[in-house]
Amino acid sequence: MLHIKNLHASIDGKEILRGINLDVNPGEIHAIMGPNGSGKSTLASVLTGRDIFEVTDGEITFEGVNLFDLNPEDRSRSGIFLGFQYPIEIPGVSMVNFMKTAVNEHRKFRGQKAMTAGEFLQLMRDKKALVEIDSRLTNRSVNEGFSGGEKKKNEIFQMAMLEPKLAILDETDSGLDIDALRIVANGVNKLKRPDNATIVITHYQRLLDYIVPDFVHVLYNGQIVLSAGKELALELEEKGYDWIKKEVDQVQI
Amino acid sequence: MSFIAKMLDVKEELLELYEANSDTLNLNSSEVMNGFREEAIMQFRKKGIPTRKNEDYKYTELEPVFQKDYKYRFAPKKITFAVDDIFKCDVPELDTKILILLNGWFISDEAQLQELDNGVIIGSLAEAAKQYPDLVGEHYGQHAKTSIDGLVALNTAFAQDGIFIYVPKNVVVAHDIQIINILLDDESLIVQHRNLFIMEENSEAKLVICDHTLSESEFLTNSVTEIVAKSNSRLDIVKMQNEHNKATQLSSTFISQKRSSNVSTNIISLHGGMIRNNVQVVMEEEGCENSTFGLFLVDKKQHVSNHTIVEHASPNCRSTQKFKGVLDDQGTGAFNGRILVHPDAQKTEAFQSNNNILLTDEATMNTKPMLEIYADDVKCSHGATVGQLDEDALFYLRTRGIGQREARLMLMFAFAYEIIGEIKVIPLRDRVNDLVEKRLCGELSRCNNCAMHCG
Ligand SMILES: Nc1ncnc2c1ncn2[C@@H]1O[C@H](COP(=O)(O)OP(=O)(O)O)[C@@H](O)[C@H]1O
Ligand SMILES: [Mg+2]
Numbered sequence: 001m002l003h004i005k006n007l008h009a010s011i012d013g014k015e016i017l018r019g020i021n022l023d024v025n026p027g028e029i030h031a032i033m034g035p036n037g038s039g040k041s042t043l044a045s046v047l048t049g050r051d052i053f054e055v056t057d058g059e060i061t062f063e064g065v066n067l068f069d070l071n072p073e074d075r076s077r078s079g080i081f082l083g084f085q086y087p088i089e090i091p092g093v094s095m096v097n098f099m100k101t102a103v104n105e106h107r108k109f110r111g112q113k114a115m116t117a118g119e120f121l122q123l124m125r126d127k128k129a130l131v132e133i134d135s136r137l138t139n140r141s142v143n144e145g146f147s148g149g150e151k152k153k154n155e156i157f158q159m160a161m162l163e164p165k166l167a168i169l170d171e172t173d174s175g176l177d178i179d180a181l182r183i184v185a186n187g188v189n190k191l192k193r194p195d196n197a198t199i200v201i202t203h204y205q206r207l208l209d210y211i212v213p214d215f216v217h218v219l220y221n222g223q224i225v226l227s228a229g230k231e232l233a234l235e236l237e238e239k240g241y242d243w244i245k246k247e248v249d250q251v252q253i
Numbered sequence: 254m255s256f257i258a259k260m261l262d263v264k265e266e267l268l269e270l271y272e273a274n275s276d277t278l279n280l281n282s283s284e285v286m287n288g289f290r291e292e293a294i295m296q297f298r299k300k301g302i303p304t305r306k307n308e309d310y311k312y313t314e315l316e317p318v319f320q321k322d323y324k325y326r327f328a329p330k331k332i333t334f335a336v337d338d339i340f341k342c343d344v345p346e347l348d349t350k351i352l353i354l355l356n357g358w359f360i361s362d363e364a365q366l367q368e369l370d371n372g373v374i375i376g377s378l379a380e381a382a383k384q385y386p387d388l389v390g391e392h393y394g395q396h397a398k399t400s401i402d403g404l405v406a407l408n409t410a411f412a413q414d415g416i417f418i419y420v421p422k423n424v425v426v427a428h429d430i431q432i433i434n435i436l437l438d439d440e441s442l443i444v445q446h447r448n449l450f451i452m453e454e455n456s457e458a459k460l461v462i463c464d465h466t467l468s469e470s471e472f473l474t475n476s477v478t479e480i481v482a483k484s485n486s487r488l489d490i491v492k493m494q495n496e497h498n499k500a501t502q503l504s505s506t507f508i509s510q511k512r513s514s515n516v517s518t519n520i521i522s523l524h525g526g527m528i529r530n531n532v533q534v535v536m537e538e539e540g541c542e543n544s545t546f547g548l549f550l551v552d553k554k555q556h557v558s559n560h561t562i563v564e565h566a567s568p569n570c571r572s573t574q575k576f577k578g579v580l581d582d583q584g585t586g587a588f589n590g591r592i593l594v595h596p597d598a599q600k601t602e603a604f605q606s607n608n609n610i611l612l613t614d615e616a617t618m619n620t621k622p623m624l625e626i627y628a629d630d631v632k633c634s635h636g637a638t639v640g641q642l643d644e645d646a647l648f649y650l651r652t653r654g655i656g657q658r659e660a661r662l663m664l665m666f667a668f669a670y671e672i673i674g675e676i677k678v679i680p681l682r683d684r685v686n687d688l689v690e691k692r693l694c695g696e697l698s699r700c701n702n703c704a705m706h707c708g
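Written out as structure tokens, the structure reads:
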């Protein structure tokens, strides 16, 4: 589904991603872990087409299509979703209008008719229930005045509305209390299907108790330095990242 | 009986025009208005048309627009059609009492001045000055002093007609009052109308003012409006400026507020070649509340400039100024907002903000807040921003599948809505909303189903 080969990306001439390789197949859950500043969010941004990052080498294909040929909106319409680490507040744009526009753009892309008002409201209701998000929030402007946890729930709500083939969740667990974490994880699990895939970017093992990954990768200094099964997350939880850093740094010297 | 004059050297020509026609002016008008003319023309002789050397007009270049070849009519041109035939306001469900000014002259099928059952007097200022000289005389020229600037002086010297509104004590006007300023002439024209609105104690009214150009000719409007809001009165004004690219509108509004009165103005500058709005508010007595809002949209080579002065002359008053602009192409804009707090105006709360979005590298905006605070127990804040659309927000929308153009429009529209949302007349708010959306989409923004399609 997603194939990343030797991906290099930089910002302002500073190389952040230094040769990433990753393959994601339908039905898989991948966890990407790693210390702060290692390039996890940058990878997510490059996958979704943020143009402040310059791709200097490598390739990415999604369902056989060269991702670099698609702008951010077409990547979304093709089925890629990013749950932001820091969701953006957009005062004056109502959640309803935002989601209606997004859903209908996706439908148009697939050659479907725009939803009627009734159909759309029903969809909203269903998905709200799924992620246990309050109507109070969906009646407001996008993320405006939302608490940290509410913003993260809202990302999952949007994901539920758009039903992506590939969801990238960037630290969706950070800043969540245990109840919110359970709701978010539940949402993700309910949306899981054999034909879609998820990349969970996280700092902590905690979330992986609820969303069980098939693979765990450690991203350090712009490279995936270690990949293993779900047991790696536990090991990292226990030992921290220092031992990996040490090993990698030694090899590089 | 219309007198036609060309203007070359602007100030000298205007002075000559006045000298040549002062007899006509005085003969046509009442004593109340005539009483101010000589002083006004003297002030204009001293001040002239404000130039860019004047700090207040640094970004608004008036000479070129005054230098155009205009005609001046000292009496209304006879029209041979019913205005209803060419102009129908199409704001649905707007339940209004409509007053029309055609090229600055009040026109109506009914009387020039009407006294309604509830004692409200509305209609022509010229007629009001004749029928109610004491009432008009008490306020006329008291707030718009000719010493303030050349434009006010010029208007006062030439003004003959405009709208008069009087709302008596304890009367709440149920219908919104709508003033439609129509500019329509086959020749280029200068128009200098004068309005006076008096709100007596405990009265309440809502006003909608719409400015339209209905012919392609060039227009220069230099209007002055005086507003008196007595104790506990409440007046909400929405002004919609929708003129073509060859029209210049210079609009000066003076608001005098008495104890616990509440006045709001919201100026939506939708379209126009050059627009200059001066709004001056004096909160003379305690407990007043004032809101002065504005939204402007410019493109091509349009220019919109908003200048406000909010004067806190008494304690315990609260004022909010909020202006926003979206500038496209080579459009230019200026905001100059002054808050003046007198030494004894303790417990003042005064807020001001001006936020602007530049859509191109060629658009420019000059913004300058000025706070002069002479009291110590006050809450004041101001902030101004000039920037582009928020790239992070744009990206966020696009990652949800919303196309770039649509996403940009959503953000611009959201930006503008903060001001539109302040409009309290709901059908009007919806309509303005719709017009602004169309305008931002680059679609024609004509807001009436008139037969004329002017530039
Ligand atoms: N917009 C940006 N401008 C400059 N540097 C950036 C920007 N975004 C990220 N970086 C840099 O890229 C590196 C990786 O950041 P990031 O991808 O956010 O890491 P992570 O998500 O793993 O914590 C950091 O050194 C960070 O400072
Ligand atoms: Mg990050």
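Residue numbers (this note's numbering), protein chains in the order written: chain A, 1 to 253; chain B, 254 to 708.
For every residue, glycine included, the Cβ atom is placed at its ideal position computed from N, Cα and C.
In the DSSP assignment, what are the bridge partners of residue i?
i                      : result
residue 32 of chain A  : A/201 and A/217
residue 325 of chain B : B/443
residue 539 of chain B : Bridge partners of residue 539 of chain B: none, in fact.
residue 382 of chain B : Answer is none; residue 382 of chain B lacks a bridge partner.
residue 639 of chain B : B/609
residue 240 of chain A : Answer is none; residue 240 of chain A lacks a bridge partner.
residue 633 of chain B : B/603
residue 66 of chain A  : A/61
Skipping 5 residues on each side, what residues in its chain have a beta carbon closer than 6 Å to that of residue i?
i                      : result
residue 258 of chain B : Note that residue 258 of chain B has pLDDT 43, beneath the 50 cutoff, so the model's placement of it is unreliable and the number below is only indicative. Answer for residue 258 of chain B: 270 and 325, listed in chain order.
residue 7 of chain A   : 17, 20 and 58
residue 15 of chain A  : none
residue 358 of chain B : 329 and 414
residue 608 of chain B : 577 and 638
residue 444 of chain B : 356, 357 and 474
residue 390 of chain B : 285
residue 544 of chain B : 517 and 573
residue 217 of chain A : 32, 224 and 227
Going along the chain, which residues of its own chain have a beta-carbon closer than 7 Å to the beta-carbon of residue i, five neighbours each way excluded?
i                      : result
residue 261 of chain B : Residue placement at residue 261 of chain B is poorly supported in this model, since its pLDDT is 43, which falls under 50; the coordinates still yield a value, given next. Same-chain partners within the cutoff: there are none.
residue 662 of chain B : 693 and 694
residue 150 of chain A : 137
residue 708 of chain B : Confidence at residue 708 of chain B is low in this model, with a pLDDT of 34, below 50, so the placement of that residue is unreliable and no value is reported for it.
residue 174 of chain A : 203
residue 255 of chain B : Reliability fails at residue 255 of chain B, whose pLDDT of 38 lies under 50, so the model's placement of it is uncertain and the value that follows must be treated cautiously. Same-chain partners within the cutoff: 326, 327, 328 and 330.
residue 98 of chain A  : 142
Below 8 Å CB to CB, which residues in the same chain sit around residue i once its five sequence neighbours on both sides are set aside?
i                      : result
residue 439 of chain B : 468 and 470
residue 484 of chain B : 454, 455, 511, 512, 513, 514 and 538
residue 686 of chain B : 670 and 673
residue 268 of chain B : 294, 297 and 298
Verify whether the separation of the beta carbon atoms of residue i and residue j is less than 9 Å.
i                      : j                      : result
residue 532 of chain B : residue 489 of chain B : no
residue 72 of chain A  : residue 197 of chain A : no
residue 225 of chain A : residue 32 of chain A  : no
residue 382 of chain B : residue 425 of chain B : no
residue 168 of chain A : residue 47 of chain A  : yes
residue 606 of chain B : residue 637 of chain B : yes
residue 354 of chain B : residue 414 of chain B : yes
residue 481 of chain B : residue 452 of chain B : yes
residue 486 of chain B : residue 528 of chain B : no
residue 30 of chain A  : residue 215 of chain A : yes
residue 289 of chain B : residue 394 of chain B : yes
residue 119 of chain A : residue 654 of chain B : no
residue 503 of chain B : residue 479 of chain B : no
residue 77 of chain A  : residue 110 of chain A : yes
residue 152 of chain A : residue 176 of chain A : yes
residue 154 of chain A : residue 133 of chain A : yes
Requested in this report: Please go through the segment 531-617 of chain B and give each complete beta strand (DSSP E) segment of 3 or more residues, from N-terminal end onward.
Outcome: DSSP runs (the beta strand (DSSP E)) wholly in the segment 531-617 of chain B: 542-551, 556-565, 571-580, 585-594 and 601-611.
Query raised in the report: Considering only residues of the segment 393-478 of chain B, which uninterrupted beta strand (DSSP E) runs meet the minimum length of 3 residues and lie entirely inside it, listed in chain order?
Result: As summarised for the segment 393-478 of chain B, the continuous beta strand (DSSP E) elements at least 3 residues long and confined to that stretch are 416-420, 429-436, 442-444, 447-452 and 457-466, given in chain order.
Requested in this report: Starting from the N-terminal end, write out each residue whose C-beta falls within a distance shorter than 5 Å of any non-hydrogen atom of ligand 1.
Outcome: Having a Cβ closer than 5 Å to some heavy atom of ligand 1 are A/11, A/16, A/36, A/37, A/38, A/39, A/40, A/41 and A/42.
Query raised in the report: For the segment 77-144 of chain A, which segments carrying the beta strand (DSSP E) assignment without a break, of at least 3 residues, lie completely within its bounds, in sequence order?
Result: The DSSP assignment places complete beta strand (DSSP E) segments of no fewer than 3 residues inside the segment 77-144 of chain A at 80-83 and 90-94, in order along the chain.
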